[in-house]
Every structure is written in structure tokens, then in C-alpha cells.
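Q:
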Amino acid sequence: MSAVLHLDAVTRIHGEGETAVRALREVSFAASAGELVAIMGPSGSGKSTLLTLAGGLDQPTSGTVSVEGVDLASLGNDGRARMRRTSIGYVFQDFNLIPALSAVENVALPLELDGVRGRNARARAREALEEVGIADLADRFPDHMSGGQQQRVAIARAVVGERRLILADEPTGALDTETGEDVLRLLRARCDAGAAGVLVTHEARHAAWADRVVFLRDGLVVDVTGTDPAESLLESGVSR
Amino acid sequence: MSVKQALLALLEQGPMYGYQLRGEFEQRTGSTWPLNVGQVYTTLTRLERDGLVEGAGSDADGHVVYSITDTGREEVAAWFTTPVARTQPPRDELAIKLALAVTVPGVDVGTVIQQQRSATMTALQDYARLKRSGPVSGQPSDLSWGLVLDSLVFSAEAEIRWLDHCEARLRRAALERPAARTARDVAATADEEVAR
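Protein chains in written order, with my numbering: chain A, 3 to 242; chain B, 41 to 236.
(1) Below 8 angstroms between beta carbons: does that hold for residue 198(A) and residue 35(A)?
(2) Is any beta-carbon of chain B found at less than 8 angstroms from that of residue 224(A)?
(3) Using only the alpha-carbon positions, how far apart do residue 117(A) and residue 105(A) sit?
(4) What residues of chain B sit near residue 44(A), judged by a beta carbon separation below 7 angstroms?
(5) Hey, residue 285(A) and residue 93(A): beta-carbon distance below 8 angstroms or not?
(6) At a Cβ threshold of 8 angstroms, is residue 159(A) touching chain B?
(7) In the DSSP assignment, what residue or residues form a beta bridge with residue 90(A)?
(8) Roughly how many angstroms lie between the CA atoms of residue 160(A) and residue 184(A), to the nearest whole one?
(9) Please tell me whether residue 175(A) has its Cβ less than 8 angstroms away from any Cβ of chain B.
(10) With distance defined between alpha-carbon atoms, name the residue in 201(A), 62(A), 219(A), 204(A) nearest to residue 17(A).
(11) Need the endpoints of the beta strand (DSSP E) that residue 10(A) sits in, please.
(12) Residue 100(A): buried (16+ other C-beta within 10 angstroms of its C-beta) or exposed?
(13) Compute the Euclidean distance between the alpha carbons of residue 75(A) and residue 203(B), then round it to the nearest angstrom.
(14) Which two residues bound the contiguous beta strand (DSSP E) that contains residue 94(B)?
(15) Using a threshold of 8 angstroms, state whether the C-beta atoms of residue 218(A) and residue 15(A) are closer than that.
(16) For residue 11(B), tell me which candidate among 92(B), 188(B), 146(B) has the shortest Cα-Cα distance.
(17) Below 8 angstroms on the Cβ atoms is my contact criterion, and I expect residue 60(A) with residue 30(A) to pass it. Report the Cβ-Cβ distance as a whole number of Å.
(18) Could you tell me which chain B residues have their CB closer than 8 angstroms to the CB of residue 227(A), listed as they occur along the chain?
(19) Since residue 23(A) meets chain B, which of its residues come closer than 7 angstroms, beta carbon to beta carbon?
(20) Does DSSP put residue 1(A) in a helix, in a strand, or in coil?
(21) Which residues in the same chain have their Cβ closer than 7 angstroms to the Cβ of residue 153(A), if we skip the five residues on either side of it in sequence?
(22) Against chain B, does residue 197(A) count as a neighbour if the rule is that its beta carbon must be under 8 angstroms from one of theirs?
(23) Can you list, in chain order, the residues of its chain with a C-beta nearer than 8 angstroms to that of residue 3(B)? Leave out the 5 residues immediately preceding and following it.
(24) Examine chain A for any beta-carbon lying closer than 8 angstroms to the beta-carbon of residue 212(B), and answer yes or no.
(25) Under DSSP, the beta strand (DSSP E) around residue 106(A) begins and ends at which residues?
(26) Looking at chain A, is there any beta carbon in it that lies within less than 8 angstroms of the beta carbon of residue 193(B)?
(27) With DSSP as the reference, please indicate the residues paired to residue 108(B) in a beta bridge.
(28) Would a C-beta distance cut-off of 8 angstroms place residue 214(A) and residue 226(A) closer than the cut-off?
(29) Using the rule of at least 16 other Cβ atoms within 10 Å of the residue's Cβ for burial, across every protein chain shown, is residue 238(A) buried or exposed?
(30) Listed in chain order, which residues of the stretch 129 to 150 of chain A have Cβ atoms closer than 8 angstroms to some Cβ of chain B?
(31) Thinking just about the alpha-carbon of each residue, which of 150(B), 215(B), 209(B), 45(B) is nearest to the one in residue 122(B)?
(32) Is DSSP giving residue 217(A) helix, strand or coil here?
(33) Tell me the rounded alpha-carbon separation between residue 182(B) and residue 80(A).
(34) Give the residues from the stretch 32 to 66 of chain A that approach chain B closer than 8 angstroms (Cβ to any Cβ), ordered along the chain.
(35) Roughly how many whole angstroms lie between the Cα atoms of residue 67(B) and residue 180(B)?
(36) What does residue 168(B) reach in chain A if we use C-beta pairs closer than 7 angstroms?
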């Protein structure tokens, strides 16, 4: 099984000398198509650093981060930016929608930045909004939407253009419990439809929607629960 | 568990016989707390003795049907309007285990916490899977079962939060007392003393 996201012995050290902070220490893990992986751990355990590296927003001190088989370090800044527009979707705790753009314009933006013509981009954005259940709110502005609706727009923006890696950083942090669960259902459905998802959360009940839960502490993976689809495939192969 | 009150509350909707009551109870609670039919009939006998239900004859198939009395209705009303008491916390094996783990020499508390957290997370993943495959028929009993499932989810989550909290406290305690002896050291010293 090919991993959409692959981290191999990734170390990230912030700063130098005595004040250096080892945010991640030789962390390896993969997220395959169809799989949702949750990352849990206390503050300062390296969760956010991991997601930032996976999204190509930061680079590891050592080790490699590959998305769809491409080592992000081998791409220049432009290449990484392009990768973020076409292959990686990001969902944030505070939605990060542009207030001056309507829902459909927010979702269409990454497509338009990637050179898709306006009308085509909007048609695809409307499809993405329909998929997250808010087609009727396409022309509304973020300020006139509830938190849950805004997060749906953000998810639509993260998946539009058939992006196969979705990175979600505390996507339910600003939502009430029921709305939060709706967001998890959407992420889960997107992964079931073939995307690879990585979810950083401190809420165990949301992490439980993932196939695997990775516990980080002091930049190290201390525990993993759930099954690795690649391993279970290997096992079933051996038993035959 | 309040089997007595639960059966009374079900009978408030109309007369039923034992198997029916068990079926209704399990449907609404997703069979989370299985009832055997013997338990149902024993409870009904006790309720009849206390004047909370009365026999209402048999149905066409010969099942003995029970209906609720006015005293029974008062009991149900009182149950729904009285909060469940927390004065007597149920015995919590995990809390007891950790309380002992931090005091008994030679126990690796960190491992106890980590293994428990893994096990509880696995249970939580099973609950999430149940939610995903959950019934969508829109029946009121689906809502009841959904709420029971949420209760299991929230208490498993609370357990994981508490374990994280214990872990953090233990780590801080270890940092604040760098010279303090570990449980293993204590055990080793005790062994030496015994050897002498």
C-alpha cells in the first residue's frame, strides 16, 4: 500500500546550542489512502510541529517528509507551494476563511490560484460545498455563518481539487460537542472516499474516529493504538 | 442499577409482560446492560408485593401482563425529578489501582498509565465505529441508545483525560524531587536491609 504521507526518522530542532528545543525526535509514520490517523499528546509534545512539517510549511532538521512519493525537501519553495495548493488540504481550529469572500469564493480560491478559470473553479467549489452539506450557503459570507458552517466551508476548501492529503489541526476546538462530531464525520467520510487524513486533537472522543491514534510525548512516539492497514495486509498475506 | 425504576417507567406507557419489558429495556439502552428475564420477573414480583404494579390478566398467548398502579406512577415521577446521588462514588478499580501503584514499591506507574490509556482508547475507537454504523431509522429508541453510547464515549474520554493528568502530575512530582528515590530504589534498599 502506498502511503500518501510518509515521515521517515524526522527530527526538528528549533534554535541552537543550549536553548535548542528538540520538537520531534526521529519520528516515523505514514498515512495511507483511505486512512485517518489521529495525533494526540500534551502541549509541547510536537503535534503541531509534525503537522506543519507534513504540510510543507516547515522543514525537518533531519529525516524526510514525502507526500505522494515526493520528498518535500527536493522541491523548491514554489514547488512546495504548488504541492500545498494541489495535494494538501489544511483545516484549522479557527477556520481561517477570508471574511471578504463568500463561501464559494473561499473554496474556489486555491483552484484559482492554481490557474483554474473562474467559472470552472466556482462550479467545482459548489460541488465541494454540496459534499459537506451546505450548498445552500454558497453565497454567504463567513461572518454570517455559525462556527460549524464555517468549518464545513474550510473542509470543502481543503478537499476541493481532489486533494488526497487532509491535515486538520484541532478542527473541533472552537465547536460544541455535536457540531464537532459532525466535522469528524465529514473528515472520516472523506478518508473513506480515498483521502489520507491526519488529525491533531486533544479530544480523545474525536481521535477515536481515526484508524490509528499516535501518542506523542517530548517529540517521541510513545504509543500507537489501532491497526496499520499495511501491516494487517501483510499479515493476511502471510496467513494464506 | 435501577432495574426497578426502569421497568416502572416502561410500564407507565402501558401494560406489558416480562419478555416485552426486557425487549423494550434493551432496545433503548442498546443492550449495554443485559437483563435476564428471570431478573425481570423477580423484580415484577417485588414491585407487585410493594403495590407499585398489579397483575392485569393474561394476553391471548397466556403471558402474564402487568400494569402500573397510582403508587407506581408516583414512584416514577419521583425518580425522574430526583438527581442521581454522587455521594457514594461507585468503586473505581482504575483509581484504586493507580492509588496503590504510586505507593507500592517496584510498580512502573508510567507503564500502568500508558497501557490503560491504550486499552481505553481502543474501547473508544470501538464506540466510534458503533456510531458510524449506527441506526438511522429515526426511531425514538435510536435516540435513547445514541445517548447511552454518548455516555460511554464521554466517560471513556474522561478516563483518558484523567490518565493524561495523572501522568503530567507524576512527571512534575519527579522533577520537583530529583533526589527522591524511585519505587525500584526503595525496593532494592528494602531487599538489602532484609539481606542484612
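Ideal Cβ placement from N, Cα and C applies to all residues, glycine included. Quantities reported herein were computed from a predicted structural model and do not represent experimental measurements.
A: Quick answer:
(1) Walking along the first sequence from the start, residue 198(A) turns up at place 196. Walking along the first sequence from the start, residue 35(A) turns up at place 33. Yes; because the gap between Cβ atoms is below 8 angstroms, this pair is in contact.
(2) In the first sequence, counting from the first residue as 1, residue 224(A) sits at position 222. Yes, residue 224(A) counts as interfacial toward chain B.
(3) In the first sequence, counting from the first residue as 1, residue 117(A) sits at position 115. In the first sequence, counting from the first residue as 1, residue 105(A) sits at position 103. For residue 117(A) and residue 105(A), the distance between alpha carbons rounds to 19 angstroms.
(4) Working through the first sequence from its first residue, we reach residue 44(A) at position 42. Neighbours of residue 44(A) on chain B, chain order: 204, 208.
(5) With chain A running from 3 to 242 in the structure shown, residue 285(A) is simply not present.
(6) Along the first sequence, one-based indexing puts residue 159(A) at 157. Not an interface residue.
(7) Indexing the first sequence from 1 puts residue 90(A) at position 88. DSSP lists 167(A) as partners of residue 90(A).
(8) For the purposes of this step, residue 160(A) is taken as the residue at position 158 of the first sequence. For the purposes of this step, residue 184(A) is taken as the residue at position 182 of the first sequence. Taking the straight line from one Cα to the other gives about 16 angstroms.
(9) Taking the first sequence and counting its residues from 1, one reaches residue 175(A) at position 173. So no, residue 175(A) is outside the interface.
(10) Translated into the one-based positions of the first sequence, residue 17(A) becomes position 15. Ranking 201(A), 62(A), 219(A), 204(A) by Cα distance to residue 17(A) puts 62(A) first.
(11) The count along the first sequence starts at 1 and reaches residue 10(A) at position 8. From DSSP, the beta strand (DSSP E) with residue 10(A) extends over 5 to 16.
(12) The count along the first sequence starts at 1 and reaches residue 100(A) at position 98. That one is exposed.
(13) Within the first sequence, residue 75(A) is the residue found at index 73, counting from 1. Within the second sequence, residue 203(B) is the residue found at index 163, counting from 1. Their Cα atoms are separated by approximately 38 angstroms.
(14) Within the second sequence, the letter at position 54 stands for residue 94(B). Segment 93 to 98, the beta strand (DSSP E) holding residue 94(B).
(15) For the purposes of this step, residue 218(A) is taken as the residue at position 216 of the first sequence. For the purposes of this step, residue 15(A) is taken as the residue at position 13 of the first sequence. Against a cut-off of 8 angstroms, the Cβ pair of residue 15(A) and residue 218(A) comes out as no contact.
(16) Past the boundaries of the shown model lies residue 11(B); chain B is included only from 41 to 236, so the question cannot be answered.
(17) On the first sequence, position 58 is the one that residue 60(A) refers to. On the first sequence, position 28 is the one that residue 30(A) refers to. At roughly 17 angstroms, the Cβ-Cβ gap does not stay under 8 angstroms, so residue 60(A) and residue 30(A) are not in contact.
(18) Mapped onto the first sequence, residue 227(A) falls at position 225. The contacting residues are 158, 161, 162, 165.
(19) Locating residue 23(A) in the first sequence gives position 21, counting from the first residue. In chain order: nothing, as chain B lies at least about 17 angstroms away.
(20) An answer regarding residue 1(A) cannot be provided, because it is not within the stretch 3 to 242 covered by chain A.
(21) Here residue 153(A) is taken as the residue at index 151 of the first sequence, counted from 1. So the qualifying residues of the chain are 97, 173, 177, 185.
(22) In the first sequence, the residue the question calls residue 197(A) occupies position 195. So no, residue 197(A) is outside the interface.
(23) Look at the range of chain B in this structure, 41 to 236, and you will see that residue 3(B) is not part of it.
(24) Position 172 of the second sequence, counted from the first residue, corresponds to residue 212(B). No, residue 212(B) does not count as interfacial toward chain A.
(25) Locating residue 106(A) in the first sequence gives position 104, where the first residue counts as 1. Here residue 106(A) belongs to no beta strand (DSSP E); instead the alpha helix (DSSP H) covers 105 to 115.
(26) Stepping through the second sequence from its first residue, residue 193(B) is reached at position 153. Against chain A, the CB of residue 193(B) has a partner CB under 8 angstroms away; the residue lies at that interface.
(27) Here residue 108(B) corresponds to residue number 68 of the second sequence, with the count starting at 1. Paired residues: 93(B).
(28) To locate residue 214(A), count along the first sequence from 1; it is residue 212. To locate residue 226(A), count along the first sequence from 1; it is residue 224. Yes, these two residues count as a Cβ contact at 8 angstroms.
(29) Here the question's residue 238(A) lines up with position 236 in the first sequence. With a pLDDT of 41 at residue 238(A), under the threshold of 50, the modelled position of that residue is not reliable, and no figure is offered here.
(30) From the stretch 129 to 150 of chain A, no residue has a Cβ closer than 8 angstroms to chain B.
(31) Taking the second sequence and counting its residues from 1, one reaches residue 122(B) at position 82. The candidate whose alpha carbon is nearest that of residue 122(B) is 45(B).
(32) Working through the first sequence from its first residue, we reach residue 217(A) at position 215. Residue 217(A) sits in a strand when the DSSP states are folded into three classes.
(33) Indexing the second sequence from 1 puts residue 182(B) at position 142. Indexing the first sequence from 1 puts residue 80(A) at position 78. Rounded to whole angstroms, residue 182(B) to residue 80(A) spans 51 angstroms at the Cα level.
(34) 44
(35) Here the question's residue 67(B) lines up with position 27 in the second sequence. Here the question's residue 180(B) lines up with position 140 in the second sequence. So the alpha carbons of these two residues sit roughly 10 angstroms apart.
(36) On the second sequence, residue 168(B) is found 128 positions in, with the first residue counted as 1. Result: 210, 211.
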